[in-house]
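Numbering (my numbering), first residue to last: 44 to 372. Note that CB positions come from ideal geometry on N, CA and C, so glycine has one too. These figures come from a predicted structure and were not determined experimentally. Following: one structure in structure tokens, then a few remarks.
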Ligand code: 2RA
């Protein structure tokens with residue numbers, strides 16, 4: 044099958060190529076697509092070199108699927124053109140996520156919503172993906188009323204410029220700033236722009252996308268998203284109020300059996316999820332499971348996942364795998 048990767052030179056695009064190769068996605072030909080300034084350059088995939096092509100040539104190549112990670116404005120302009128040519132688009136930007144006519148998919152949670160009519164499919168925000176993978180099995184069993192989440196997000200979520208800023212600062216070297224402030228030895232309680240309600244766009248993505256993916260507008264979510272000087276993945280402290288009481292051992296067993304989840308929860312041996320261990324893995328790691336002793340039916344947990352993988356590239360490839368398995372590619 045011909046597969047296009049649009050934005051093939053970015054952090055996520057590069058990770059998409061890695062994941063497609065690792066998971067042996069049935070590719071007969073790769074069509075790397077990027078902006079005009081990258082056309083003609085080459086990317087390596089499974090030991091072969093492929094020349095980067097323009098958007099128009101990407102469409103002309105007629106891939107079965109195009110996985111986009113090229114920013115919202117590029118996706119708004121080009122995803123419809125790929126779709127009109129009969130190419131299914133899986134888009135990693137926020138452009139289509141809250142469009143009521145588009146599906147927002149985390150395969151472990153709601154893959155069943157996908158149909159043959161879906162030609163532009165939205166990949167959720169990284170911080171949302173890792174949270175709903177852990178929330179869904181517990182929602183099914185106990186019913187979630189409210190979620191309070193604080194995130195500790197890797198600079199890789201911003202992109203290469205932010206990673207460079209962190210390591211330049213660490214080396215004491217002047218360089219381009221991805222953030223308004225120093226990030227090394229600091230945390231920045233702002234991801235994306237502020238909205239009229241005092242929340243950031245990132246925080247409202249977690250609020251709104253969670254409801255759409257879990258198909259339950261009754262779930263109340265409030266979020267504080269924070270950038271930290273880490274590269275291995277995003278971490279989240281999550282407080283969940285259920286409609287019903289729960290048994291902690293049962294919670295641990297439900298999570299251990301949940302698709303895409305690995306429980307790392309052995310405080311006697313100081314075993315808990317960390318970006319250090321989650322980096323370059325595809326699972327969502329859950330630990331620090333404990334009852335919130337200040338409120339009935341309420342659980343605290345800690346969730347870590349590699350935001351470039353399950354938070355972006357791997358989730359997108361898993362959507363493509365689902366489409367392929369259903370004969371839709
Ligand atoms: C971030 N979740 O971490 C956003 C976009 N990747 O910056």
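Asked                                                                                                                   : Found
Cross-strand partners of residue 330 (DSSP beta bridge)                                                                 : 345
Every unbroken alpha helix (DSSP H) within the region 177-215, with a cutoff of 4 residues, ordered by chain            : 203-214
Identified DSSP bridge partners for residue 134                                                                         : 111 and 165
Residue 345 versus residue 242: straight-line alpha-carbon distance, rounded                                            : 22 Å
Pairwise C-alpha distance: residue 350 and residue 278                                                                  : 9 Å
Residue 233 versus residue 293: straight-line alpha-carbon distance, rounded                                            : 36 Å
Limits of the unbroken alpha helix (DSSP H) element including residue 291                                               : 291-300
Straight-line gap, residue 358 to residue 200 (C-alpha atoms, nearest Å)                                                : 15 Å
Cβ pair residue 372, residue 180 closer than 9 Å                                                                        : no
Paired residues, beta bridge with residue 270 - DSSP                                                                    : 196 and 231
Short Cβ contact (9 Å threshold) for residue 81 with residue 51                                                         : yes
For residue 282, the residue or residues it bridges with in DSSP                                                        : 191 and 343
Residues near residue 32 by beta carbon distance below 6 Å, same chain, minus five either side                          : The chain is shown only over 44 to 372; residue 32 falls outside these bounds and no answer can be derived.
The region 225-232 touching the region 261-274, judged by at least three CB pairs closer than 8 Å                       : yes
Straight-line gap, residue 338 to residue 177 (C-alpha atoms, nearest Å)                                                : 21 Å
Burial state of residue 237 (16 or more Cβ within 10 Å)                                                                 : exposed
Rounded C-alpha distance that separates residue 89 from residue 286                                                     : 49 Å
Reduced DSSP category for residue 93 - H, G, I as helix; E, B as strand; rest coil                                      : strand
Proximity test, residue 57 beta-carbon vs the ligand 2RA heavy atom, cut-off 8 Å                                        : no
Extent of the continuous alpha helix (DSSP H) to which residue 318 belongs                                              : 318-321
Straight-line gap, residue 252 to residue 129 (C-alpha atoms, nearest Å)                                                : 27 Å
The ligand ADP heavy atom lying under 8 Å from the CB of residue 182                                                    : Of the ligands this structure carries, namely the ligand 2RA, none is the ligand ADP.
Close-in-space but distant-in-sequence residues of the same chain around residue 362 (CB under 8 Å, 5 per side omitted) : 133, 148, 150, 154, 157, 164 and 166
Residue 206 and residue 257 closer than 9 Å at C-beta                                                                   : no
Candidates 204, 227, 312 and 197, of which the one nearest residue 215 by Cα                                            : 227
Check: residue 116 C-beta below 8 Å from any heavy atom of the ligand 2RA                                               : no
Backbone CA spacing between residue 86 and residue 104 [nearest angstrom]                                               : 17 Å
Contact set for residue 94: own chain, Cβ-Cβ below 7 Å, skip 5 residues either direction                                : 83 and 85
Rounded straight-line distance, which links the Cα of residue 332 to that of residue 309                                : 10 Å
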